[in-house]
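For reference, the structure discussed in these notes is given below.
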Amino acid sequence: MAITTARPFRAAALALTSVAAACALAIGGAGAAQAVGYQGEIRFAPGASSAVVDGAIVRGDADHYYLEARRGQVMTVSTWALEGNVNFSVSGPDGPTLVVADHSTDITLPRDGYYRVTVAPTRGNATYTLYVEIR
């Protein structure tokens, strides 16, 4: 009896381990979408062409900011983190990632539409400031 009971248990444990490993690979694999910490739209004050956002994010999450811009404009994105541990990416209206950086970058925008700036910690939790300018 013990052998008969152990084999189904062992098979079930192996199956669960395989499923857990596949999930871990899917979640942490290259190019995998990160969990969402915050989602919101960046809006510039009347007459302004830039905005500053302060945020805090926990390990494993990513904050997503959206803003509308036009083809040919230049977007400047900068981040600063108290812990020195954030990076960001900018994705275009049709989805592809245009740039991944850890401090600052300028991007000439390829088309009209909504762009997404994603901020994520590189290790641990992070308290950050995000600066976005469109010109």
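Quick note on numbering: the sequence shown equals residues -35 to -1, 1 to 100 in mature numbering (1 follows the signal peptide of the UniProt record, and there is no 0).
Virtual Cβ for every residue (Gly too), placed ideally from N, Cα, C.
Under 7 Å between C-beta atoms of residue i and residue j
| i | j | result |
| --- | --- | --- |
| A34 | I99 | yes |
| R24 | G78 | no |
| L63 | V51 | no |
| L32 | Y80 | yes |
| I7 | A91 | no |
Expected contact under 8 Å - CB spacing of residue i and residue j to nearest Å
| i | j | result |
| --- | --- | --- |
| V97 | S69 | With 8 Å as the limit, V97 and S69 do not qualify as a contact, their Cβ atoms being about 11 Å apart. |
Contacts around residue i, its chain only, beta-carbon distance under 6 Å, and the 5 residues preceding and following it disregarded
| i | result |
| --- | --- |
| Y3 | D28 |
| V39 | D71, T73 and R100 |
Own chain, CB closer than 8 Å to residue i, minus 5 neighbours either side, in chain order
| i | result |
| --- | --- |
| F53 | V42, T44, V65, A66, D67, V82, T83, V84, A85 and L95 |
| R76 | R36, G57, P58 and D59 |
Buried versus exposed call for residue i [16 or more other C-beta atoms within 10 Å across all chains shown]
| i | result |
| --- | --- |
| L74 | buried |
| A13 | exposed |
| A10 | exposed |
Cβ-based neighbour list, residue i, same chain, cut-off 7 Å, excluding 5 preceding and 5 following
| i | result |
| --- | --- |
| R(-29) | Caution is warranted here: a pLDDT of 35 is assigned to R(-29), below 50, making its placement in the model unreliable, and no coordinate value can be reported. |
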